[in-house]
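Numbering of the sequence shown is given in full-length UniProt numbering, commencing with residue 1 and proceeding in unit increments.
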Amino acid sequence: MVGDAPATSQTLVLTDISQPTGPMRELFNRRDLTGWETWLGYPDPAVTYRDRPGATPIGRSRATTGDVAVKTIDGQPALWVKGQTWGAIVHDADLRDYHLRLEYRWGDQRWAPRADKAPNNGLLYHTHGAPGAVFGTWQPSVEFEMMPGSTGMAVAVGRDVRIRTTAALDPTLISPPIRYRMGGKPVEIVNGTLIWNVENARDAERPAGEWNTLDLYVLGDRAVHVVNGVPVMVVEGLATVAADGTRTPLTHGRIQLQSEGAETWFRRVAVEPIDRLPKVVEKR
């Protein structure tokens, strides 16, 4: 997969940070859900990954005020995602070549079938295709994972999505046992294969109850995932692959904020245009 040599610790830092080429745009207006729409998956999330779920996604067929809302926490308005029903809130902007920043923190609620597991969510970008095309619940996209210990992991959401990065063996991980490493072996992330994700370079998430800052830098088919100022993933060759094998660069799309079994708060969601990516270097 990536050889037998285990990964050694790397400390990565951002340098030559991209400067905006235009004004910042707030995607969350701090008052209501203008610009956002909600899509919900199955009434029982436990059937989500089954080949034959035996149910129909909720989609947009009912009111979602009990699933997603604007509420005040820590003295500021935030997007509240209950997490009990899986799905996503999707912004209507088709974004390309940007720096996105948001803050999030975990709430207290956990829901079956992940009630006894670590909270899990994600910032999905380069979203394309039909709502619910992936497991009846999400749209095809590239995932910036949000989960204690794994925030910044890269995941291919949808069978047509391809992600290239570099990695090394980490036997402490379960499946797949590979972690992002600058200068590691080239790998391609493909949903439904042994390499369906690559773990972050290191855990940079803050303790439960504290706010975390995610920075996502995207330029064409390349991106950098940053958690609380620490770069943890660099990806490239983002693409879709058609049934006949035709590969098309994936360079733009909408963003989704997932609902996947954990109460989550999001605030200060904003983007600004850029014309280059920051550099990621190893600190020695």
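The beta-carbon is built from N, C-alpha and C at its ideal position, and this holds for glycine as well.
Apply the 10 Å Cβ neighbour rule to residue i and answer buried if 16 or more other Cβ atoms are within range, or exposed otherwise.
i, result
"Val2", "buried"
"Thr151", "buried"
"Asp32", "exposed"
"residue 286", "Outside the displayed span of the chain (1 to 284) sits residue 286, for which this structure offers no information."
"Ala63", "exposed"
"residue 286", "Any answer about residue 286 is impossible in this case: the structure gives the chain only from 1 up to 284."
"Gly149", "exposed"
"Leu194", "exposed"
"Ser18", "buried"
"Thr137", "buried"
"Arg162", "buried"
"Ser141", "buried"
"Ala208", "exposed"
Judging by CA-CA distance, which residue of the options is the nearest neighbour of residue i?
i, options, result
"Glu210", "Ala93, Pro140 and Glu103", "Glu103"
"Pro23", "Lys283, Glu272, Arg247 and Glu282", "Glu272"
"Pro20", "Ala223, Trp106, Asp244 and Tyr217", "Tyr217"
"Ile255", "Gly87, Ala115 and Pro176", "Gly87"
"Pro113", "Pro45, Pro186, Ile17 and Gly183", "Pro45"
"Asp275", "Trp111, Phe144, Arg181 and Gly220", "Gly220"
"Pro75", "Leu277, Val190, Ala270 and Trp265", "The sequence given here places Gly at residue 75; Pro does not occur at that position. Residue Trp265 is the option with its Cα nearest to Gly75."
"Pro119", "Val142, Arg110 and Val187", "Arg110"
"Glu205", "Val70, Ala270 and Met147", "Met147"
"Ser9", "Val187, Met182 and Glu260", "Met182"
"Ala133", "Tyr42, Phe144 and Ala154", "Tyr42"
"Val68", "Val142, Val155, Leu173 and Leu79", "Leu79"
"Thr172", "Gly59, Arg202, Ala130 and Arg96", "Arg202"
Can you tell me whether residue i is helix, strand or coil according to DSSP?
i, result
"Val2", "coil"
"Pro148", "coil"
"Ala20", "In the sequence as presented, Ala is not what sits at residue 20; that position holds Pro. It is coil, neither helix nor strand."
"Ala118", "coil"
"Ala78", "strand"
"Ala270", "strand"
"Ala46", "helix"
"Ile178", "strand"
"Arg52", "coil"
"Arg62", "coil"
"Asp32", "coil"
"Trp86", "coil"
"Trp39", "strand"
Mind reading off the beta-carbon distance from residue i to residue j? Whole number of angstroms is fine, and I expect it under 8 Å.
i, j, result
"Arg179", "Asp170", "4 Å"
"Thr48", "Phe135", "5 Å"
"Leu214", "Val227", "6 Å"
"Val90", "Trp39", "6 Å"
"Glu263", "Gly107", "3 Å"
"Val224", "Val280", "6 Å"
"Val157", "Leu124", "6 Å"
Any chance you could list the beta strand (DSSP E) runs of at least 3 consecutive residues sitting entirely within the segment 184 to 260, in chain order?
As far as the segment 184 to 260 is concerned, its whole beta strand (DSSP E) runs of at least 3 residues are 185 to 190, 212 to 219, 222 to 227, 230 to 241, 247 to 249 and 254 to 259.
What are the complete beta strand (DSSP E) segments, minimum 3 residues, inside the segment 122 to 174?
Every beta strand (DSSP E) of 3 residues or more that sits fully in the segment 122 to 174 is shown, in chain order, as 141 to 146, 154 to 157 and 161 to 169.
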